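Residue numbers (the UniProt record's numbering), protein chains in the order written: chain R, 1 to 113; chain C, 1 to 113.
Note that beta-carbon positions come from the ideal geometry of N, C-alpha and C, so glycine has one too.
What you are looking at is a predicted structure, and each value in this text was computed from that prediction instead of being measured.
2 protein chains.
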Amino acid sequence: MLPLLTDDAAVACCSPVTEGVLTADEAERIAHTFKALGDPTRVRLLSLIAASDDGEACICDLTEPVGLSQPTVSHHMKLLVDAGLATREQRGRWAYFRVVAGALEQASRVLRP
Amino acid sequence: MLPLLTDDAAVACCSPVTEGVLTADEAERIAHTFKALGDPTRVRLLSLIAASDDGEACICDLTEPVGLSQPTVSHHMKLLVDAGLATREQRGRWAYFRVVAGALEQASRVLRP
């Protein structure tokens with residue numbers, strides 16, 4: 001089964017930051033997404049995956065460009081997946097990742113002034 | 001002097017996350033902005049400031065809505081100012097803050113798929 005690329009539950013909840021006072025719950029959900037984006041390695045990993053053939057990257061191809069061990073990269077990817085910004089599919093020995101365009105779009109929308 | 005509302009140095013540097021592999025330097029700058037946004041209190045503070053009269057809020061009016069002490073709110077605001085997402089102006093006893101719309105717009109653009 002293909003990963004669901006339109007899953008944007010992460011920030012689908014929320015009005016834009018500049019469009020009225022956010023509730024504590026909305027702020028919590030928005031911050032969760034941005035916390036995942038608040039690390040340079042994770043930002044690079046998203047750009048590496050998005051730039052891969054067919055928009056999909058094997059964990060085995062992500063370690064070298066960021067210069068980190070596979071467990072460390074796996075940990076960063078887990079945070080991105082938990083935040084809804086990437087999907088993970090296990091195929092045999094390797095995990096494959098895709099960027100969730102809908103979640104990036106939602107996060108982008110929340111910041112639009 | 002009015003705060004410079006078009007200051008977008010924070011992420012003006014950077015191409016969108018999904019438009020090619022980011023350099024380590026670009027990823028660092030992008031992550032710095034999103035780290036500042038990766039906290040629910042700071043997200044709420046931005047929305048409170050943006051929703052204030054004339055888009056400006058006194059620190060004295062921000063503590064009660066978020067239920068935190070003034071030093072804690074000041075600390076959160078410092079991180080937002082350092083990331084270029086807000087400006088601070090001291091007038092007499094109080095500091096006044098504004099959201100930097102240009103910085104939010106840049107951060108939004110970086111995430112646009």
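Identity of the residues DSSP links to residue i by a beta bridge
i: residue 106 of chain R; result: Answer is none; residue 106 of chain R lacks a bridge partner.
Span of the beta strand (DSSP E) around residue i
i: residue 95 of chain R; result: 94-99
Contact set between residue i and chain C, taken where Cβ atoms lie within less than 8 Å
i: residue 30 of chain R; result: 37, 40 and 43
i: residue 101 of chain R; result: 18 and 113
i: residue 24 of chain R; result: 40 and 44
Span of the alpha helix (DSSP H), counted from its first residue to its last, around residue i
i: residue 86 of chain R; result: Premise fails: residue 86 of chain R lies in the beta strand (DSSP E), 86-91, not in any alpha helix (DSSP H).
i: residue 24 of chain R; result: 24-37
Contact set between residue i and chain C, taken where Cβ atoms lie within less than 9 Å
i: residue 20 of chain R; result: 47, 50 and 51
DSSP state of residue i mapped onto helix, strand, coil
i: residue 40 of chain C; result: helix
Under 8 Å by beta carbon: chain R residues contacting residue i
i: residue 112 of chain C; result: 104, 105 and 108
i: residue 27 of chain C; result: 40, 41, 43, 44 and 47
Partner residues on chain C for residue i, Cβ-Cβ distance less than 7 Å
i: residue 116 of chain R; result: Here chain R has residues from 1 to 113 only, and residue 116 of chain R is not among them.
Go through the segment 43-81 of chain R residue by residue and report every complete run of the alpha helix (DSSP H) that reaches 4 residues or more, in order. 63-66
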